[in-house]
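Below is one structure, written out as structure tokens; the observations come after it.
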Amino acid sequence: MTTRARKRPRTWSLLGDVRRKPSAYEAVTAKFHYHFRRSPAPWELDPDMPMNRWYLTHREGSPFNVDDWEGFRDPAKLTYKDYVTLQHERELYLDGLVDRFEEAGHAEGYPAGWVDTFRSLVVPLRFPMHVLQMASLYVGQMAPSSFITNCAHFQAADEMRRLQRIAYWTKVVSNAHDDAIATTEAARGPWEDDAAWQPLRETLETMLVAYDWGEAFAALNLAVKPAFDAMVNVGLRDLARRNEDEFIALACEEFDRDAARHRAWTAALVRYALERDGGLAEVLEGWRGSWGPKALAAVEGLAPLFEGAPEPLAAEEVVALARTAQEELAGAAGLG
Amino acid sequence: MPKLRRSEWYDLARDLNWNLSYVTEEEAFPEEMSNHYGITPNERWWGWDEPYKVSYREYVHNQHGKDAAVYSVNSVVARSRMFEELDPGWKSAIIAHYGAIALPEYIAGIGESRMGRFGRAAAWRNMALFGTLDETRHGQIQTYFPYTLLDKEPRMDWAHKALHTNEWGAIAARHLFDDMFTANDAVSTAIQLTFTFETGFTNLQFLGMAADAMEVGDLDFGALISSIQTDESRHAQQGEPTVKILVENGRADLAQKLVDHMFWRSWHIFALLTGLSMDYYTPLEHRSHSFKEFMEEWIIKQFLDQFRDFGLEPSWYWDSHFVPELDWYHHALHLGVWFWRPTVWWNPDAGVSPAEREWLEEKYPGWNDTFGVYWDTIAENIRNGAEEKTLPETFPIVCNMCQIPVVTPAGYRAGKLDSPLPHLLVHEGRQYVFCSEPCKWIFEQNPARFAGHTSVVDRFLGGEIQPPTIPGALAWMGLSPEEMGQDATNYAWAHEGREAPGAAAS
Numbered sequence: 045m046t047t048r049a050r051k052r053p054r055t056w057s058l059l060g061d062v063r064r065k066p067s068a069y070e071a072v073t074a075k076f077h078y079h080f081r082r083s084p085a086p087w088e089l090d091p092d093m094p095m096n097r098w099y100l101t102h103r104e105g106s107p108f109n110v111d112d113w114e115g116f117r118d119p120a121k122l123t124y125k126d127y128v129t130l131q132h133e134r135e136l137y138l139d140g141l142v143d144r145f146e147e148a149g150h151a152e153g154y155p156a157g158w159v160d161t162f163r164s165l166v167v168p169l170r171f172p173m174h175v176l177q178m179a180s181l182y183v184g185q186m187a188p189s190s191f192i193t194n195c196a197h198f199q200a201a202d203e204m205r206r207l208q209r210i211a212y213w214t215k216v217v218s219n220a221h222d223d224a225i226a227t228t229e230a231a232r233g234p235w236e237d238d239a240a241w242q243p244l245r246e247t248l249e250t251m252l253v254a255y256d257w258g259e260a261f262a263a264l265n266l267a268v269k270p271a272f273d274a275m276v277n278v279g280l281r282d283l284a285r286r287n288e289d290e291f292i293a294l295a296c297e298e299f300d301r302d303a304a305r306h307r308a309w310t311a312a313l314v315r316y317a318l319e320r321d322g323g324l325a326e327v328l329e330g331w332r333g334s335w336g337p338k339a340l341a342a343v344e345g346l347a348p349l350f351e352g353a354p355e356p357l358a359a360e361e362v363v364a365l366a367r368t369a370q371e372e373l374a375g376a377a378g379l380g
Numbered sequence: 118m119p120k121l122r123r124s125e126w127y128d129l130a131r132d133l134n135w136n137l138s139y140v141t142e143e144e145a146f147p148e149e150m151s152n153h154y155g156i157t158p159n160e161r162w163w164g165w166d167e168p169y170k171v172s173y174r175e176y177v178h179n180q181h182g183k184d185a186a187v188y189s190v191n192s193v194v195a196r197s198r199m200f201e202e203l204d205p206g207w208k209s210a211i212i213a214h215y216g217a218i219a220l221p222e223y224i225a226g227i228g229e230s231r232m233g234r235f236g237r238a239a240a241w242r243n244m245a246l247f248g249t250l251d252e253t254r255h256g257q258i259q260t261y262f263p264y265t266l267l268d269k270e271p272r273m274d275w276a277h278k279a280l281h282t283n284e285w286g287a288i289a290a291r292h293l294f295d296d297m298f299t300a301n302d303a304v305s306t307a308i309q310l311t312f313t314f315e316t317g318f319t320n321l322q323f324l325g326m327a328a329d330a331m332e333v334g335d336l337d338f339g340a341l342i343s344s345i346q347t348d349e350s351r352h353a354q355q356g357e358p359t360v361k362i363l364v365e366n367g368r369a370d371l372a373q374k375l376v377d378h379m380f381w382r383s384w385h386i387f388a389l390l391t392g393l394s395m396d397y398y399t400p401l402e403h404r405s406h407s408f409k410e411f412m413e414e415w416i417i418k419q420f421l422d423q424f425r426d427f428g429l430e431p432s433w434y435w436d437s438h439f440v441p442e443l444d445w446y447h448h449a450l451h452l453g454v455w456f457w458r459p460t461v462w463w464n465p466d467a468g469v470s471p472a473e474r475e476w477l478e479e480k481y482p483g484w485n486d487t488f489g490v491y492w493d494t495i496a497e498n499i500r501n502g503a504e505e506k507t508l509p510e511t512f513p514i515v516c517n518m519c520q521i522p523v524v525t526p527a528g529y530r531a532g533k534l535d536s537p538l539p540h541l542l543v544h545e546g547r548q549y550v551f552c553s554e555p556c557k558w559i560f561e562q563n564p565a566r567f568a569g570h571t572s573v574v575d576r577f578l579g580g581e582i583q584p585p586t587i588p589g590a591l592a593w594m595g596l597s598p599e600e601m602g603q604d605a606t607n608y609a610w611a612h613e614g615r616e617a618p619g620a621a622a623s
């Protein structure tokens with residue numbers, strides 16, 4: 045009897061002597077950030093030039109670090125190809141939804157009171173959504189592993205997705221009711237000046253300058269996004285349904301499919317980090333302690349607008365949604 | 118299909134600029150991440166207008182189709198014997214390509230992402246988000262394809278590992294790409310990555326090489342890189358509106374300097390990568406154009422048009438250094454790379470059989486007298502069984518800017534330079550060596566950006582590479598004996614047209 049040595053799976057040499065052949069997802073994601081912790085500096089220029097200092101300070105120097113980030117996996121295991129395939133299908137769904145409601149003349153049937161709520165609550169959302177897109181890109185460019193970077197970059201794209209569908213529907217509502225709705229000023233005016241929007245703007249502008257990569261991640265994904273997404277994807281969904289706007293309700297449900305994916309990778313990353321270094325709980329709790337209340341203050345600022353709808357949703361219910369969402373995510377992440 | 122055309126609603130999704138109140142512009146757009154070059158406040162950038170527009174839904178619909186097409190070619194080819202049957206020189210060209218390009222494309226996503234966060238207008242940030250996604254695609258697709266070839270060609274490992282190593286070509290690639298995008302601010306990245314590099318040079322590599330790939334019968338590589346180029350040509354358009362803002366605000370001088378800097382650097386890396394592939398590695402019968410012809414058609418004409426359209430001038434070195442180098446620089450690099458072949462991860466194809474020499478002489482009149490003479494001696498050594506005389510015992514000098522070995526002696530011997538000597542500069546007590554006047558000029562424009570960097574030779578002389586021998590240096594570069602480059606055709610070219618050894622006696 046002869047025995048044949050089992051052929052070792054052929055993979056990238058940098059992935060080591062693996063017993064299990066890495067998946068296609070791993071083969072096109074693992075160890076792409078060759079520059080992380082590279083000596084003497086991440087970038088092959090003067091080690092002291094500004095961008096080297098930036099990365100050494102805000103990435104390598106972040107308190108949110110573990111010995112090895114390469115073991116983290118996106119629960120959705122998305123490659124680019126999988127991401128565009130997934131979202132191609134989901135966008136076909138939204139295309140169909142838009143078709144259906146456009147053909148039914150849905151926006152034309154909005155009562156005046158709901159048009160007012162749409163104008164005050166939905167139209168300006170493009171601005172904060174754009175900030176979420178910017179902030180996700182920052183997390184992506186600073187993350188210490190390509191497994192993390194890709195999650196953050198896909199998340200940024202999802203923010204654009206949500207924003208553009210709202211922009212589209214804003215034009216539809218504007219065509220049906222009032223040209224002034226589909227102007228820059230109709231969104232930027234309240235964003236810059238209305239009291240209700242200022243706590244959110246303050247939170248988001250200050251979040252943009254939280255440059256430590258760990259803090260940028262924690263502020264965005266553990267504090268601001270769960271609160272904001274709960275307010276829009278769930279709070280606005282409920283409000284729309286009460287006001288018989290099934291299009292907005294279904295669109296918000298669709299947006300929350302993306303947000304659920306964002307929450308899943310966030311929780312997985314935190315759990316991964318805590319498994320490697322339990323002491324990081326304190327670091328993350330510190331950031332949650334400072335950014336969680338700011339995110340809730342932002343929601344508190346906008347929540348009264350939910351009460352102005354023809355069929356209102358109580359402000360405290362909206363805030364409770366945001367608070368619960370933060371707590372649930374923290375729980376799923378092994379914090380709190 | 119939604120009823121409204123994109124143009125009816127799209128401005129609502131891109132006119133998202135606002136005035137910051139709770140932080141300052143300097144805090145939210147710090148200079149190291151986004152150099153305003155004196156054009157402040159940000160409102161002066163808000164008119165940024167991309168010439169090509171795409172929505173998210175269009176993007177995912179299109180890209181899904183493109184990816185499905187390219188991956189299906191790959192899966193068909195993977196089941197065939199197509200790769201095995203490719204010419205060895207061509208295989209070298211694609212192995213070199215994957216190592217130098219795959220991971221850099223992925224990290225170009227960092228440069229795009231930086232513009233997506235720190236670009237000074239929302240429309241620009243949106244375009245850069247698509248650029249970020251595109252580069253993720255290019256990094257993944259260009260590692261997936263070689264990954265599927267690992268069983269057939271172990272050197273494909275370099276598609277993933279090259280940038281992790283200190284192989285000299287990998288250092289040159291990192292130095293260039295970090296200067297261009299990963300360690301560059303958003304505004305300069307738009308000019309240097311998208312306007313200078315992607316608009317011009319990636320066309321050459323991706324469309325030029327795609328044309329050659331189809332000729333050679335490499336459907337896999339051809340489909341891959343032509344699909345990539347369709348993304349490049351879209352996101353490359355971030356450069357033009359950024360140049361326009363600089364020019365409109367009286368900073369044409371700055372746009373000019375950024376272009377001059379990166380055009381020269383791009384030229385040098387492409388001479389190394391594409392020059393060798395097109396004129397020496399691609400099988401003769403499948404060469405559509407010479408490298409110089411590609412450069413003239415794709416680069417020179419395009420850049421001269423661009424310069425004119427934007428009120429810029431051809432770079433100061435255009436006629437004095439760049440155009441003359443088209444005739445000799447990559448030939449000199451080819452000699453060097455072939456001679457120092459153990460230091461590269463691919464098998465250099467000498468590409469100088471009698472028929473190939475005839476082609477080189479036709480495309481580069483005088484080639485036989487200038488470069489052919491070196492190959493005469495090398496061929497003679499090979500035929501005499503003295504292979505060791507064709508292998509290196511020392512290291513060349515390396516340029517402190519482009520990190521590519523200095524080949525000025527060959528340029529001088531070819532009658533193209535006044536002196537065989539490199540260009541020297543003493544800066545704060547340290548002597549720097551440059552291959553050319555423009556490389557020295559780039560350093561002098563911003564010494565703090567480059568001064569503390571050490572080249573392979575600096576590290577060798579500084580005792581970082583132990584033992585300080587050729588084998589010690591090869592190990593330091595990450596090259597195992599099996600991976601070190603060898604002549605791609607086992608010297609067949611040196612015997613071609615001559616009787617085989619021993620044939621005369623029988």
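Just so you know, the sequences run in chain order F and V. Sequential numbering from 45 applies to the first sequence in the numbering used here. Sequential numbering from 118 applies to the second sequence in the numbering used here. No residue lacks a Cβ here, since even glycine has one placed at the ideal position from N, Cα and C. If you're wondering where the values come from, they're calculated on a predicted model, not measured in any experiment.
C-beta neighbour in chain F for residue i, strict 8 Å
{"i": "Ser623/V", "result": "The pLDDT assigned to Ser623/V is 34, lower than 50, so where the model puts this residue is not dependable; a value taken from the coordinates is nonetheless given after this. For Ser623/V, the answer is no, since every Cβ of chain F falls outside 8 Å of its Cβ."}
{"i": "Ile342/V", "result": "no"}
{"i": "Ala300/V", "result": "yes"}
{"i": "Phe577/V", "result": "no"}
{"i": "Phe567/V", "result": "yes"}
{"i": "Gly233/V", "result": "yes"}
{"i": "Pro119/V", "result": "yes"}
Strand pairing of residue i, partner residues [DSSP]
{"i": "Tyr255/F", "result": "Paired residue(s): none; Tyr255/F is not in a bridge."}
{"i": "Leu542/V", "result": "Tyr549/V"}
{"i": "Pro522/V", "result": "Val515/V"}
Pair within 8 Å by beta-carbon distance, residue i and residue j
{"i": "Gly392/V", "j": "Leu450/V", "result": "yes"}
{"i": "Glu203/F", "j": "Gln242/F", "result": "no"}
{"i": "Gly248/V", "j": "His352/V", "result": "yes"}
{"i": "Ala503/V", "j": "Asp604/V", "result": "no"}
{"i": "Gln346/V", "j": "Leu324/V", "result": "yes"}
{"i": "His378/V", "j": "Ile559/V", "result": "yes"}
{"i": "Glu252/V", "j": "Glu284/V", "result": "no"}
{"i": "Asp166/V", "j": "Pro358/V", "result": "yes"}
{"i": "Met173/F", "j": "Arg206/F", "result": "yes"}
{"i": "His102/F", "j": "Tyr255/F", "result": "yes"}
CB contact below 8 Å: residue i versus chain V
{"i": "Gly56/F", "result": "Checking the sequence shown, residue 56/F turns out to be Trp, not Gly. So yes, Trp56/F belongs to the interface."}
{"i": "Ala68/F", "result": "yes"}
{"i": "Tyr381/F", "result": "Here chain F has residues from 45 to 380 only, and residue 381/F is not among them."}
{"i": "Ala220/F", "result": "no"}
{"i": "His306/F", "result": "no"}
{"i": "His174/F", "result": "yes"}
{"i": "Asn96/F", "result": "yes"}
CB-CB length for residue i against residue j, believed under 8 Å
{"i": "Val304/V", "j": "His153/V", "result": "7 Å"}
{"i": "Ala179/F", "j": "Ala260/F", "result": "7 Å"}
{"i": "Val327/F", "j": "Pro107/F", "result": "5 Å"}
{"i": "Ser209/V", "j": "Tyr398/V", "result": "5 Å"}
{"i": "Thr282/V", "j": "Val72/F", "result": "With 8 Å as the limit, Thr282/V and Val72/F do not qualify as a contact, their Cβ atoms being about 19 Å apart."}
{"i": "Ser383/V", "j": "Thr313/V", "result": "6 Å"}
{"i": "Met273/V", "j": "Leu266/V", "result": "5 Å"}
{"i": "Asp296/V", "j": "Leu89/F", "result": "6 Å"}
Would the segment 139-156 of chain F count as touching the segment 224-236 of chain F if we require 3 or more Cβ pairs under 8 Å? no
Specify whether the segment 475-488 of chain V and the segment 228-238 of chain V touch according to this definition: at least 3 beta carbon pairs, one from each stretch, less than 8 Å apart. no
Any chance the segment 156-169 of chain F sits against the segment 229-244 of chain F, with 3 or more Cβ pairs inside 8 Å? yes
Using 8 Å as the threshold, is the segment 405-420 of chain V in touch with the segment 471-482 of chain V, meaning 3 or more CB pairs across them? yes
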